[in-house]
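Read the structure below first, then the notes.
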DNA sequence: AATTGTTTCAAACAGTTGTTTGACAACTCA
DNA sequence: TGAGTTGTCAAACAACTGTTTGAAACAATT
């Protein structure tokens, strides 16, 4: 029998090298595009190493996903201990942005997560349960605090998604953004500016809902004609 | 020589069947995951058909991308002819949402675009130039109209991205949303509700900027401690 | 020193991939 | 009719995929 860690250091060494290399490769080309041979070459390990240490490619990927998620969470945790809901929202947005966009984490964590969301693998369920749902719950409480206790749960959910959507846009659409606005980089300064903007925009948006139960006094968008779709769906404007 | 259409109907027929089947397959499993054999099987064509009609797999994909983009744009165009910037924004949001989320288009257009943005291929440049940049420009003018003529270009851009981010979130993160909130479907009614929400949220957010040149009166988010990152980046709060 | 359990490795395996080939049928136009 | 073009097809090609194998190297214990 082996007494856990004391036995062999090389086990943990190559295992770590595999995780390290795999994170890079998965981030670059996705799960499908990644090849076990490429990962092993970068890790300085034999092709059989993946099978030996993680069972198969999917097992390695699942482990990478979990590790990246843990790492990002511990590096930029959501700050707690603030009573002001507005400050809570700002902290939430800042930490979220840093997790997916800060230069040190975007290359791996951010891109891997983006891929996993758009093209889910079997590992997504675990990721949602362990990492995403708690975050979602946290945001729900913050928004709820901003909207007031008796707020419509649907409105709370929609506002939360509006916040997260703004954040993830910069992560998911980075290739497009870089092409549209070549100059704008996302270094630490850019991240600060982004945090300020999204927080202010979101607070104003949420407070628009808080004022009246219905969406502020905004002029309701006029329906576009549906060119050939038959039978206009019955209208239900109110939330 | 062949006089265009009169020659052989079977050419256009199998070519169309290939585009049709390929759109489905690319939407389902992405460019990498799609196999020429699967596409041809669904199209009722021979494996060699792709090579014959489109040169290679990438050529077929590029054609699918362009066709889907054209199709979505003609089906749900951005309504024009409205003078009220708020109504313009509502129309922009509605048509955008319908293009990427309406049941008839999401299965193909929406999902293919989402994949292309997260994992770009060589075809992205053409897509940006022909479809995305014009939309971006349109949105820029709308937001500019809302913020007033002398608005900071950076603020206009950020507000525009806040709008688009909210929209694309439902397209890019659909797998996650479905797991977090299993009940919420996105049929025509749900799309209407979404349109109303995002429009109201965005108008409130933008107007928060229009009031003062700086981000409303929002309490600035307090900085989270950076656990181990050395040297705090110098602070530049103002936009 | 012999034994045991663990980790690495080159080689091979079986399957799939995109693409090409050359024969064959269908059609147009003279 | 017959030459010439065009589209389809089964088969094959070479390259690459994830995974397995059995032997070798290694470290620690007996």
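Residue numbers (the working numbering), protein chains in the order written: chain A, 34 to 272; chain B, 34 to 272.
Ideal placement from N, C-alpha and C gives every residue a C-beta, glycine not left out.
Computed from a predicted model, the values in this text were never measured in an experiment.
Whole-angstrom distance between residue j and residue i, CA atom to CA atom
i: residue 215 (chain A); j: residue 150 (chain B); result: 16 Å
i: residue 134 (chain B); j: residue 125 (chain B); result: 14 Å
i: residue 143 (chain B); j: residue 132 (chain B); result: 7 Å
i: residue 87 (chain A); j: residue 175 (chain B); result: 52 Å
i: residue 140 (chain B); j: residue 45 (chain A); result: 43 Å
i: residue 182 (chain B); j: residue 90 (chain A); result: 55 Å
i: residue 128 (chain B); j: residue 207 (chain B); result: 18 Å
i: residue 75 (chain B); j: residue 68 (chain B); result: 11 Å
i: residue 62 (chain B); j: residue 237 (chain A); result: 39 Å
i: residue 122 (chain B); j: residue 47 (chain A); result: 54 Å
i: residue 58 (chain A); j: residue 222 (chain A); result: 28 Å
i: residue 251 (chain A); j: residue 218 (chain B); result: Its pLDDT being 44, under 50, residue 251 (chain A) is placed unreliably by the model, and the measurement read from it follows with that caveat. Computed Cα separation, rounded: 25 Å.
i: residue 249 (chain A); j: residue 227 (chain A); result: Because residue 249 (chain A) sits at a pLDDT of 41, beneath the cut-off of 50, its placement in the model cannot be relied upon, and the point is left open.
i: residue 179 (chain B); j: residue 234 (chain A); result: 14 Å
i: residue 198 (chain A); j: residue 43 (chain A); result: 43 Å
i: residue 177 (chain A); j: residue 64 (chain B); result: 41 Å
i: residue 170 (chain A); j: residue 186 (chain B); result: 35 Å
i: residue 155 (chain A); j: residue 73 (chain B); result: 27 Å
i: residue 242 (chain B); j: residue 195 (chain B); result: 12 Å
i: residue 93 (chain A); j: residue 210 (chain B); result: 25 Å
i: residue 70 (chain A); j: residue 49 (chain B); result: 38 Å
Below-8 Å beta-carbon distance, residue i vs any chain A residue
i: residue 97 (chain B); result: no
i: residue 219 (chain B); result: no
i: residue 179 (chain B); result: no
i: residue 153 (chain B); result: yes
i: residue 237 (chain B); result: yes
Proximity winner among the options, relative to residue i (alpha-carbon distances)
i: residue 84 (chain B); options: B:51, B:147, B:108 and B:104; result: B:51
i: residue 192 (chain A); options: A:239, A:65, A:154 and A:209; result: A:239
i: residue 120 (chain A); options: A:241, A:231 and A:242; result: A:231
i: residue 97 (chain B); options: B:160, B:180 and B:186; result: B:160
i: residue 136 (chain A); options: A:155, A:152, A:158 and A:108; result: A:108
i: residue 351 (chain A); options: A:94, A:60 and A:54; result: Within the shown structure, residues of chain A are numbered from 34 to 272, placing residue 351 (chain A) beyond reach of any answer.
i: residue 153 (chain A); options: B:49, B:66, B:243 and B:241; result: B:66
i: residue 111 (chain A); options: A:173, A:186 and A:168; result: A:168
i: residue 56 (chain B); options: B:242, B:148 and B:229; result: B:148
i: residue 172 (chain A); options: A:241, A:100, A:155 and A:190; result: A:190
i: residue 165 (chain A); options: A:73, A:105, A:184 and A:220; result: A:105
i: residue 225 (chain A); options: A:195, A:130 and A:71; result: A:130
i: residue 102 (chain B); options: B:188, B:163, B:220 and B:229; result: B:163
i: residue 157 (chain B); options: B:229, B:99, B:188 and B:138; result: B:99
i: residue 229 (chain A); options: B:188, B:146 and B:229; result: B:188
Min CB distance residue i to chain B below 8 Å
i: residue 240 (chain A); result: yes
i: residue 163 (chain A); result: no
i: residue 60 (chain A); result: no
i: residue 72 (chain A); result: no
i: residue 199 (chain A); result: yes
i: residue 66 (chain A); result: yes
i: residue 342 (chain A); result: In this structure chain A extends from 34 to 272, so residue 342 (chain A) is not present and cannot be described.
i: residue 53 (chain A); result: no
i: residue 189 (chain A); result: no
query = Quick one: any contact between the stretch 80-97 of chain B and the stretch 113-129 of chain B, if contact means 3 or more CB pairs under 8 Å?
reply = no
query = Just checking, does the stretch 209-227 of chain A make contact with the stretch 196-213 of chain B on the three C-beta pairs under 8 Å criterion?
reply = no
query = Of all the alpha helix (DSSP H) runs that stay within the bounds of the stretch 74-115 of chain B, which reach a length of 4 or more residues?
reply = Taking 4 residues as the minimum length, the alpha helix (DSSP H) runs contained wholly in the stretch 74-115 of chain B are 81-87 and 90-108, in order along the chain.
key: 4-residue-minimum alpha helix (DSSP H) runs that sit fully inside the stretch 153-212 of chain B, ordered along the chain   = 157-160, 166-180 and 186-205
query = Can you give, in chain order, each stretch of the alpha helix (DSSP H) that sits fully within the stretch 117-148 of chain A and has at least 4 residues?
reply = Within the stretch 117-148 of chain A, the runs of alpha helix (DSSP H) at least 4 residues long that lie entirely inside it are, in chain order, 118-134.
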